[in-house]
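Beneath this line is the structure, given in structure tokens, with notes to follow.
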Amino acid sequence: MLKARLGIAPIAWWNDDLEELSDDVSLDECLRQAAEAGLTGMETGRRFPMDMDELGPILNRHGISVCGGWFSGLLLDGDIETEKDRIAAQMAFFKAAGAPCIVYGETARSVQGERNTPLARKPKLTEAEMAAYGRKMSDFADWCAGEGMPIAYHHHMAAAVETEAELDLFMKHSAVPLLFDAGHMAFAGGDNLRVIDNHFGRISHVHTKDVRMEVIDALDRSTESFLDAVIKGAFTVPGDGSLDFEEIVKALASKGYEGWFVIEAEQDPIANPPLEMAKKGRIELKRVMDAAGYEVDA
Numbered sequence: 001m002l003k004a005r006l007g008i009a010p011i012a013w014w015n016d017d018l019e020e021l022s023d024d025v026s027l028d029e030c031l032r033q034a035a036e037a038g039l040t041g042m043e044t045g046r047r048f049p050m051d052m053d054e055l056g057p058i059l060n061r062h063g064i065s066v067c068g069g070w071f072s073g074l075l076l077d078g079d080i081e082t083e084k085d086r087i088a089a090q091m092a093f094f095k096a097a098g099a100p101c102i103v104y105g106e107t108a109r110s111v112q113g114e115r116n117t118p119l120a121r122k123p124k125l126t127e128a129e130m131a132a133y134g135r136k137m138s139d140f141a142d143w144c145a146g147e148g149m150p151i152a153y154h155h156h157m158a159a160a161v162e163t164e165a166e167l168d169l170f171m172k173h174s175a176v177p178l179l180f181d182a183g184h185m186a187f188a189g190g191d192n193l194r195v196i197d198n199h200f201g202r203i204s205h206v207h208t209k210d211v212r213m214e215v216i217d218a219l220d221r222s223t224e225s226f227l228d229a230v231i232k233g234a235f236t237v238p239g240d241g242s243l244d245f246e247e248i249v250k251a252l253a254s255k256g257y258e259g260w261f262v263i264e265a266e267q268d269p270i271a272n273p274p275l276e277m278a279k280k281g282r283i284e285l286k287r288v289m290d291a292a293g294y295e296v297d298a
């Protein structure tokens, strides 16, 4: 029987890009709510102490483990030695925490954090540029794995690797483990089942982000930004949006994926109470996990 673990990202409670979309709760309360929802993992966020001597007892109190966390990479325009220095502290912390991976998000040239920059102005690379970038990313990923903490590459809206075609090109020119994010791929207009079919051998981590397609379809990408879309409610948890997660999870199961499924849904915590949304997402994921034949670690 395939093994799965269910986690969540703290972005449901506190948004690191839009601090106004944050609930006034402590880390302890965030973890308590995640545990109440039946989740066993939490990715890191800005209110996490990056020290296991401090964080470990808090995690243990709630039966939660670190199941990943974002690193804002700059390798597209930078060099590997600089990125080694930038990631070193997080790598040491994640190794101490027993995390499965560091989520690598390329932020060089990205407009994902720029409220006034429209989606249409995202960076675009030629195939030659993507090939050079893929080689650098592969070398960096090999080094990280050799140091005992693999990375998982996050394709992301408003970044250099956003669309299905860009992901295909990046995967062609790299050997980097992939974080598959259903919500970002749907937002980018891609086919989630085709992405799984094409790249299942490299998928090492999964974000189960759902989308509200009616919000996405109404966006004017020539004037509205990624953060505008977040504020309007483009994202939500599985079972509350437009994606068929039973279909997606069954596709991953058919390819033998085992590991973490992490709920990640940045939205207004006042309009979408995090505990309520975490419970809804976990219930839907458990339902589709059962249908797909996964044994979920409780």
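The sequence shown begins at 1 in the UniProt record's numbering and counts up by one. Note that the Cβ used here is the ideal one computed from N, Cα and C, for glycine as well.
Exercise for review: State yes or no: is the C-beta of residue 299 within less than 8 angstroms of the C-beta of ASN192?
Suggested key: It is not possible to answer for residue 299, since the shown part of the chain is limited to 1 through 298.
Review point. Counting Cβ pairs closer than 8 angstroms, one from the region 157-165 and one from the region 118-138, do we hit at least three?
Key: yes
Point to revise | Complete runs of the alpha helix (DSSP H) confined to the region 89-113 [at least 4 residues] | key: Taken in chain order, the region 89-113 contains no complete alpha helix (DSSP H) segment of 4 residues or longer.
Review point. Of the choices MET52, SER72, LEU74, whose alpha-carbon is the least far from that of ALA99?
Key: Within the sequence shown, the letter at position 99 stands for residue 99. Restricting attention to MET52, SER72, LEU74, the CA atom closest to the CA of ALA99 is found in MET52.
Review point. Could you give the distance in angstroms between the alpha-carbon of ILE283 and the alpha-carbon of ILE263?
Key: In the sequence shown, the residue the question calls residue 283 occupies position 283. In the sequence shown, the residue the question calls residue 263 occupies position 263. Cα-Cα distance, rounded: 11 angstroms.
Point to revise | Presumed contact (8 angstroms Cβ cut-off) between ASP244 and LYS280, rounded CB distance | key: Taking the first residue of the sequence shown as 1, we reach residue 244 at position 244. Taking the first residue of the sequence shown as 1, we reach residue 280 at position 280. At roughly 16 angstroms, the Cβ-Cβ gap does not stay under 8 angstroms, so ASP244 and LYS280 are not in contact.
Practice item. Buried or exposed for PRO57, please, with buried defined as at least 16 other CB atoms from any protein chain shown within 10 angstroms of its CB. Key: To locate residue 57, count along the sequence shown from 1; it is residue 57. Under this definition PRO57 is an exposed residue.
Check your understanding: Can you give the Cα-Cα distance for GLN267 and ARG212, rounded to whole angstroms?
Key -> Within the sequence shown, numbered from 1, the residue matching residue 267 stands at position 267. Within the sequence shown, numbered from 1, the residue matching residue 212 stands at position 212. Roughly 11 angstroms between the two C-alpha positions.
Review point. Does the count of Cβ pairs from the region 202-212 and the region 161-178 closer than 8 angstroms reach three?
Key: yes
Point to revise | Of the listed residues GLY134, ARG47, TRP143, nearest to GLU83 (C-alpha basis) | key: In the sequence shown, residue 83 corresponds to position 83, counting from 1. When each option's Cα is compared against that of GLU83, the closest is TRP143.
Review point. What residues in its chain sit with their C-beta under 8 angstroms from that of residue 300, if we drop five residues either side in the sequence?
Key: Because the chain is modelled from 1 through 298, residue 300 falls outside the range shown and cannot be assessed.
Check your understanding: In the DSSP assignment, what are the bridge partners of HIS207?
Key -> As a working note, residue 207 is residue 207 in the sequence shown. Its beta-bridge partners are ASP181, VAL262.
Check your understanding: Comparing alpha-carbon positions, which option in SER110, ALA12, ILE270, GLY73 lies nearest LEU125?
Key -> If you number the sequence shown from 1, residue 125 lands on position 125. With distances taken between Cα atoms, LEU125 lies closest to SER110.
Practice item. Could you have a look at ARG47 and say whether DSSP puts it in helix, strand or coil? Key: Numbered from 1 along the sequence shown, position 47 holds the residue referred to as residue 47. Looking at ARG47 - three-state DSSP - the assignment turns out to be coil, as it is neither helix nor strand.
Exercise for review: Determine the DSSP secondary structure at GLU20, reduced to helix, strand or coil.
Suggested key: Looking up residue 20 in the sequence shown gives position 20. When DSSP states are grouped into helix, strand and coil, GLU20 belongs to the coil group.
Point to revise | Residue interval of the alpha helix (DSSP H) (run including ALA120) | key: By 1-based counting over the sequence shown, the position of residue 120 is 120. Annotation for ALA120: no alpha helix (DSSP H) segment contains it, and DSSP assigns it neither H nor E.
Point to revise | LEU6: first and last residue of the uninterrupted beta strand (DSSP E) it sits in | key: One-based indexing of the sequence shown puts residue 6 at position 6. 2-8 is the extent of the beta strand (DSSP E) around LEU6.
Review point. Can you tell me the Cα-Cα spacing of ALA298 and LYS286, whole angstroms?
Key: Residue numbering aside, residue 298 sits at position 298 when the sequence shown is read from its first letter. Residue numbering aside, residue 286 sits at position 286 when the sequence shown is read from its first letter. Going by the C-alpha atoms only, they are around 11 angstroms apart.
Practice item. Note down the Cα distance separating residue 312 from PRO49, rounded to an integer number of angstroms. Key: No answer is possible for residue 312: it lies beyond the span of the chain, which begins at 1 and ends at 298.
Point to revise | C-beta atoms of residue 308 and ILE8 nearer than 8 angstroms | key: Since the first and last residues shown for the chain are 1 and 298, residue 308 lies out of range.
Practice item. Taking GLU106 as the reference, give the member of ASP24, ASN15, ALA141 with the closest Cα. Key: Translated into the one-based positions of the sequence shown, residue 106 becomes position 106. Of ASP24, ASN15, ALA141, the residue nearest in Cα terms is ALA141.
Exercise for review: Just grab the DSSP bridge partners of TYR294 for me.
Suggested key: By one-based count along the sequence shown, residue 294 stands at place 294. Partner(s): LEU2.
Check your understanding: Taking just the CA atoms, how far does LEU27 sit from ARG47?
Key -> Sequence index remark: in the sequence shown, residue 47 carries index 47 (1-based). Sequence index remark: in the sequence shown, residue 27 carries index 27 (1-based). Taking the straight line from one Cα to the other gives about 6 angstroms.
Check your understanding: What residues in its chain sit with their C-beta under 7 angstroms from that of ALA88, if we drop five residues either side in the sequence?
Key -> Numbered from its first residue, the sequence shown carries residue 88 at position 88. Excluding residues within five positions, none has a Cβ falling inside 7 angstroms.
Review point. Is MET1 buried or exposed, if buried means 16 or more other CB atoms sit within 10 Å of its CB?
Key: For the purposes of this step, residue 1 is taken as the residue at position 1 of the sequence shown. Around the CB of MET1, fewer than 16 other CB atoms lie within 10 Å, so the residue is classed as exposed.
Check your understanding: Under the DSSP definition of a beta bridge, which residues are partnered with TRP70?
Key -> As a working mapping, residue 70 is identified with position 70 in the sequence shown. Paired residues: VAL103.
Point to revise | Contact set for ALA186: own chain, Cβ-Cβ below 7 angstroms, skip 5 residues either direction | key: Within the sequence shown, residue 186 is the residue found at index 186, counting from 1. Same-chain partners within the cutoff: ASN192, VAL211, LEU243.
**Study point:** Cβ-based neighbour list, residue 348, same chain, cut-off 8 angstroms, excluding 5 preceding and 5 following
**Key:** This structure cannot settle anything about residue 348, because the visible part of the chain is limited to 1 through 298.
Check your understanding: Quick one: is ALA265 buried, meaning 16 or more other Cβ sit within 10 Å of its Cβ, or exposed?
Key -> Walking along the sequence shown from the start, residue 265 turns up at place 265. The residue is buried, with at least 16 neighbouring Cβ atoms inside 10 Å.
**Study point:** Residue span of the beta strand (DSSP E) that contains HIS154, given as start and end
**Key:** Numbered from its first residue, the sequence shown carries residue 154 at position 154. Looking at the DSSP string, the run of the beta strand (DSSP E) that includes HIS154 is 151-154.
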